[in-house]
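One structure is given here, and the rest of the page talks about it.
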Amino acid sequence: MKIGITCYPTYGGSGVVGTELGIELAARGHEVHFIAYQQPIRLNTNHPHILFHEVTVSQYPLFEYPPYDLALATRMAEVAEIYNLDILHVHYAIPHSVSALLARQMLAAADKPRKLPFVTTLHGTDITIVGADPSYLPVTRYAIENSDGVTAISNYLKRRTVQEFEIRHPIEVIYNFVNCDVYKRNPKATEMRSEFADQNERILVHVSNFRPVKRLCDVIEIFDRVQKAVPSRLLLMGDGPERSRAEWLVNQKGLRKKVEFLGKVDRISERLSIADLILMPSELESFGLAALEAMACEVPTIATNVGGVPEVIEHGRTGFLAEVGDVDTMARCAIEILSDEERLREMGKTARWEAQSRFCASKIIPEYEKFYERVLERKA
Ligand code: GMT
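Okay, structure coming up:
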């Protein structure tokens with residue numbers, strides 16, 4: 000198949016899923032065309048079946064807000080026509096599904112009309128935060144309803160979309176995935192750990208885009224309690240609006256020597272594979288991809304019991320779940336597991352097993368392929 004993929008190219012779950020999906024599809028022989036305003040952050044391959052098409056948004060003094068969605072629609076239609084795309088797959092409804100809808104209509108009305116069915120994958124904040132905003136809700140609902148196929152990354156997100164957007168269009172749940180050959184425990188973990196921690200210290204990690212929804216300060220609060228009981232270090236991967244608040248808190252608590260802000264890390268798998276625990280105390284997560292990637296690396300998660308997280312992490316088996324803001328309970332669970340080497344490793348192994356058996360790319364990518372085939376059959 001010739002598949003066009005649009006996602007946010009920046010640091011964030013939906014962009015990661017869109018990019019990794021394209022990479023996996025190309026590895027399975029499909030031709031994949033990424034269409035975005037910048038090369039996606041995880042697109043670091045020269046695979047011959049992957050092409051990147053940049054969307055340039057012209058500036059004009061009249062435009063206080065340059066119309067990216069229109070430039071994107073135009074580029075989608077162009078790429079579809081030139082490269083004869085079979086299908087377009089957009090990640091994150093706003094504004095990508097609206098642009099795809101426009102591209103489909105433009106091509107249908109062209110001198111030589113052609114079909115361009117599109118699939119929208121809902122990731123979370125496009126529904127729960129941004130999409131639910133009254134200024135976006137009607138247009139988001141319209142674009143979802145008019146997509147040729149809609150998928151959501153968890154049952155939770157599907158339910159929420161149906162309830163809040165009153166969507167009648169069927170939504171298929173296709174879980175996020177992880178490439179278990181790339182994300183795995185590093186056999187050289189012990190050597191690599193010495194770059195960040197002493198031999199007797201545990202390594203805790205957090206990965207996110209540091210938006211308020213991630214509750215980065217709770218990560219610091221949890222770590223502060225943990226390091227008082229268990230010698231440990233905290234590695235923070237990512238960047239975003241909450242960084243300076245978190246830096247202040249780290250400073251105030253005298254944790255500067257124990258907390259490292261690594262910024263936007265390219266090869267997350269290398270860092271995850273040396274970790275003992277991942278902290279994800281988010282206000283909301285429709286899935287929690289960072290936790291899944293950690294699970295594949297045998298790293299249990301301490302998280303909040305929100306959104307789609309319980310569909311990924313089983314309390315007491317692959318991690319621990321607590322209420323939002325309950326940093327004491329999350330710290331207590333972390334201390335408990337970090338103090339019991341045997342249970343920690345056993346839980347890590349169970350997490351890996353769960354990632355492999357339920358969320359491995361080799362299982363999930365064929366679900367997307369079948370979904371595309373069904374959409375194409377319907378549109379034939
Ligand atoms: O969490 C973010 O701020 C990023 C956001 C995105 O759309 O880029 O992540 C959402 O999609 C991820 C990939 O499907 C999910 O793993 C995250 O749980 C989801 N975030 C939220 O629901 C807050």
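Taking numbering that gives the first Met the number 0, the leading residue of the sequence shown gets 0, the next gets one more, and so forth.
We treat Cβ as the ideally placed atom computed from N, Cα and C, and that holds for glycine.
Just so we're clear, the structure is a prediction, and the values are computed from it rather than from any experiment.
Practice prompt. Can you grab the Cα-Cα spacing for the pair E313 / L100, in whole Å?
Written response: The residue given as residue 313 occupies position 314 in the sequence shown. The residue given as residue 100 occupies position 101 in the sequence shown. The straight-line gap from Cα to Cα measures roughly 38 Å.
Discussion item. My parser needs the alpha helix (DSSP H) runs of 4 or more residues fully inside the region 200–232; what are they?
Written reply: 215–228
Fill in: Bridge partners - A290, DSSP secondary structure assignment
Locating residue 290 in the sequence shown gives position 291, where the first residue counts as 1. None; A290 has no bridge partner.
Worksheet item: Should the region 116–127 be regarded as contacting the region 85–105, the criterion being three or more beta carbon pairs within less than 8 Å?
Response: yes
Worksheet item: With a CB to CB cut of under 8 Å and the five nearest residues on each side skipped, what residues in its chain are close to M346?
Response: The residue you call residue 346 lines up with position 347 of the sequence shown. P299, R316, T317, G318 and I336.
Practice prompt. Pick out whichever of R244, G307, V206 and G237 has its Cα sitting closest to the Cα of C216.
Written response: What you label residue 216 is simply residue 217 of the sequence shown in a count that begins at 1. Closest by alpha carbon: R244.
Item to complete: Compute the minimum distance between the beta carbon of E366 and the heavy atoms of the ligand GMT, and state whether it is under 7 Å.
Response: Here the question's residue 366 lines up with position 367 in the sequence shown. Every heavy atom of the ligand GMT is 7 Å or more from the Cβ of E366, so no.
Practice prompt. State yes or no: is the C-beta of H122 nearer than 7 Å to some heavy atom of the ligand GMT?
Written response: Locating residue 122 in the sequence shown gives position 123, counting from the first residue. Result yes, Cβ under 7 Å from the ligand GMT.
Worksheet item: So, helix, strand or coil for F358, using DSSP?
Response: Working through the sequence shown from its first residue, we reach residue 358 at position 359. Note: F358 maps to helix in three-state DSSP.
Worksheet item: DSSP on I336, reduced to helix/strand/coil?
Response: Position 337 of the sequence shown, counted from the start, is the residue given in the question as residue 336. Looking at I336 - three-state DSSP - the assignment turns out to be helix.
Worksheet item: Taking the alpha carbon of D125 as the point to measure from, which residue in L71, K1 and I152 has its own alpha carbon closest?
Response: For the purposes of this step, residue 125 is identified with residue 126 of the sequence shown, where counting begins at 1. Comparing Cα-Cα distances from D125 to each of L71, K1 and I152, the minimum goes to I152.
Worksheet item: DSSP state of T303, grouped into three classes?
Response: On the sequence shown, position 304 is the one that residue 303 refers to. It is a strand residue.
Worksheet item: Relative to the ligand GMT, is the shortest distance from any of its heavy atoms to the C-beta of N154 smaller than 7 Å?
Response: Within the sequence shown, numbered from 1, the residue matching residue 154 stands at position 155. For the ligand GMT, not one heavy atom lies less than 7 Å from the Cβ of N154.
Worksheet item: Under three-state DSSP, which class holds H95?
Response: Taking the sequence shown and counting its residues from 1, one reaches residue 95 at position 96. Residue state, collapsed to three classes: helix.
Worksheet item: In three-state terms, what does DSSP make of K114?
Response: Reading the sequence shown from its first residue, position 115 is the one you call residue 114. It is coil, neither helix nor strand.
Practice prompt. Take L320 and list the residues in its own chain whose beta-carbon comes closer than 6 Å to its own, dropping the five residues that flank it on each side.
Written response: The residue given as residue 320 occupies position 321 in the sequence shown. Contacts found: A302, N304 and H314.
Item to complete: Return yes when at least one heavy atom of the ligand GMT lies under 7 Å from the C-beta of L42, else no.
Response: Counting from 1 along the sequence shown, the entry for residue 42 is found at position 43. False, no ligand heavy atom lies under 7 Å from that Cβ.
Worksheet item: Contact between the region 3–13 and the region 30–42: three or more CB pairs below 8 Å?
Response: yes
Practice prompt. Rank A330, I143 and G237 by C-alpha distance to the C-alpha of K227 and give the top, closest one.
Written response: Here the question's residue 227 lines up with position 228 in the sequence shown. That would be A330, whose Cα lies nearest to the Cα of K227.
Worksheet entry | Own chain, CB closer than 7 Å to E200, minus 5 neighbours either side, in chain order | Mapped onto the sequence shown, residue 200 falls at position 201. So the list reads P230, S231 and R232, once near-sequence residues are dropped.
Item to complete: Could you check which residue in P186, A333, A92 and A102 has the C-alpha nearest to that of V129?
Response: Sequence index remark: in the sequence shown, residue 129 carries index 130 (1-based). The residue with the shortest Cα to Cα distance from V129 is A92.
Item to complete: With a 10 Å radius around its C-beta and 16 neighbouring C-beta atoms as the bar for buried, classify K213 as buried or exposed.
Response: Within the sequence shown, the letter at position 214 stands for residue 213. Burial call: buried.
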